[in-house]
Amino acid sequence: MEMFLGPDHMATRTVMREGYRGILSVVDADDTVRAGVRAIASLGPAVVGIEAAEMELADARRAAVRGHFTPDEDANVQAWFARYLTARAGLLETIDDLRPITEADVNADAETQLRAFVVAYTAACLLVRAGRFLVSSFADHTLIQRKLNEGEPRFRIPRKQYTAIRKSLTDPVNGLRLRHAQHFADEHRADIESLGGHPDFAIVLEYLREAESSLRVGVREVVKARIDYRSHSVRRRHASAVQQAIFAIAEVFGRVIAETRLQWRTKRITEPTRRQIEALLEPGDVIITRHDDAMSNLFLPGYWPHAALYVGEPGQRQVLEARKDGVLFRTLDDTLAVDATVVIRPNLTARQIARALAQAITHEGKLYDFDFDFFRADRLVCTEVVYRAYDGVGDLHFELTRRTGRLTLSAEDLVKMAVENRGFRPVAVFGATGCPDTVVTGPDVAGFLATGGD
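Okay, so the sequence shown: first residue is 3 according to this note's numbering, each after it adds one.
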């Protein structure tokens, strides 16, 4: 049977969607598409890198022949799987972010809608390609399948992930939905290729050409699915053909998103809490955050998976933060749309902090590094923004930790430095053990952080 990712319905990401209810403006739609383009530019190499991970794949196959995993093989394979799941989550979220453009009353021109389709379609192709690679690589190795199904608390990997991915790749009805998107792409191929002249869009078309063959559907699967497809297909009234095509992709991957998230309806950090935290912040502070339902940065261990740098400028340039769409300035409200946070402050003078911020700002615009490779500076992971800002400023130095062959700095490492007063000190915490709904400040913060997470 041909393989396709995902069952039926789209998850409702309540908090993230509140800003999209009603008419999506031209500017918002264009910004959403631009963010999607940058995400594909970061995620495409991650998919290729996952497939090219010869050491980890060789470790898995040696274990299959031997009948058990050594500790090193176990760690290497689980870390590789964590990188795969992180890239997969990024691709799923890229599609989900584009869903508002399927609304009939969206205020976006035809070219913006077409670019949105190409980004979503490319993400879908990369998802199916990566999923096929995973399933086909280990289809005959039950020992490896059991290993990937174990779950791994160190990397926050839930159980039964391999089985869930394999199951999601075998739904013929969703294959027909993707075939609808593929037909739209075929019918508008000349228009799609013309987008290569659009700034930064050529890279998206490059990955589309490489991965699109993953969606080809066998004739038998088409016949088998056609009746079910007619009963399940969802028509979008008053929506354009391109919106219908984007919606078809969104429907395919919707439940996958729902199944990889806990069903929190709202984020625990509310508007009053954000304002309380904002009043405590000073330029140069590091904001450590956590989503209770996220499957991102799985390669970096710990309860606290993400870090951002508070710059302090008003408006849109308050925080410098690396996410799937790259290293960009973001609003504080955007950064704090999370469930838990820690604020730590460098033990440096105001002049030293200003120097560090000036250094950090030079990295604005770089892509996200889904390979978590601290050796390269053209793509950065979230904690690397902090590392490249502060390392060597005054007496502040970071000890990188080797994790499965890679030198890394996790957000949990930063929290530990603050608890131990090594270069940073803790300022505030919300959402840790003992303070699930209270902002704690002062000397008590270190005590709450020393107990770990929830």
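Yeah, the Cβ is synthetic: ideal placement off N, Cα and C, and Gly gets one too.
Going by beta carbons, ALA324 and TYR370 fall inside the 8 Å limit.
With contact defined as three or more Cβ pairs closer than 8 Å, the region 83-100 and the region 30-44 are in contact.
With contact defined as three or more Cβ pairs closer than 8 Å, the region 243-251 and the region 164-173 are not in contact.
Contact between the region 276-296 and the region 337-357 is present, with at least three C-beta pairs closer than 8 Å.
Residue state for ALA65 is assigned as helix, using DSSP reduced to three classes. Secondary-structure assignment with DSSP links THR443 through a beta bridge to ALA430.
The Cβ-Cβ distance between LEU207 and CYS127 does not fall below 8 Å. As computed with DSSP, HIS308 is found in a beta bridge with THR291.
Unbroken beta strand (DSSP E) runs of no fewer than 3 residues, entirely contained in the region 352-439, are found at 403-405, 408-410 and 426-432, following chain order. Annotated three-state conformation of ALA342 is strand, per DSSP. For a cut-off of 8 Å, the C-beta gap from VAL345 to ASP415 is around 16 Å, too long to register as a contact. For THR351, there are no CB contacts under 6 Å within the same chain when 5 residues up- and downstream are skipped.
Relative to the Cα of VAL421, the nearest Cα in the group THR403, GLY444 and PHE372 belongs to GLY444.
Following the DSSP letters along the chain, one finds ARG117 inside the alpha helix (DSSP H) bounded by residues 112-139. For ILE251, the secondary structure class from DSSP, reduced to helix, strand or coil, is helix.
The count of Cβ pairs closer than 8 Å, one atom from the region 329-336 and one from the region 427-435, stays below three, leaving the stretches out of contact. Annotated three-state conformation of THR172 is strand, per DSSP. Within its own chain, the residues whose Cβ lies closer than 6 Å to the Cβ of GLN361, once the five positions on either side in sequence are excluded, are ALA391, listed in chain order. Check the Cα spacing between HIS143 and each of GLU212, HIS70 and TYR86: the tightest is with HIS70. The distance from the Cβ of PHE135 to that of GLU53 is about 5 Å, consistent with a contact at the 8 Å cut-off. Within the DSSP bridge table, the entry for PHE331 names LEU322 as partners.
The beta carbon of GLY433 is closer than 7 Å to those of ARG270, ARG292, ASP341, ALA342 and THR343 in its chain, skipping five residues each way along the sequence. Per DSSP, ASN78 is one residue of the alpha helix (DSSP H) stretching across 73-99. At least 8 Å separates the beta-carbon of ARG131 from that of ALA77.
Between the region 182-197 and the region 116-123 there are three or more C-beta pairs closer than 8 Å, enough to call the two in contact. When the Cα atoms are used, LEU311 and LYS149 turn out to be separated by approximately 37 Å. With a 10 Å radius around the Cβ and a threshold of 16 neighbouring Cβ atoms, ASN423 comes out exposed.
Annotation: VAL447 to LEU283 spans about 15 Å, alpha carbon to alpha carbon. Shown here, ILE194 sits in a helix according to DSSP, grouped into three states. When only Cα atoms are considered, ARG347 and ARG36 end up about 33 Å apart.
By the neighbour-count criterion, in which 16 or more other beta carbons inside 10 Å mark a residue as buried, ARG101 falls on the buried side. At a Cβ-Cβ threshold of 8 Å, ALA81 and ARG405 count as neighbours. If you ignore the 5 residues before and after ARG179, its C-beta comes within less than 7 Å of the C-beta of ALA250, GLU253 and VAL254, all in its own chain and listed in chain order. The shortest C-alpha to C-alpha distance from LEU334 to any of PHE376, ASP375, THR272 and PHE374 is the one to THR272.
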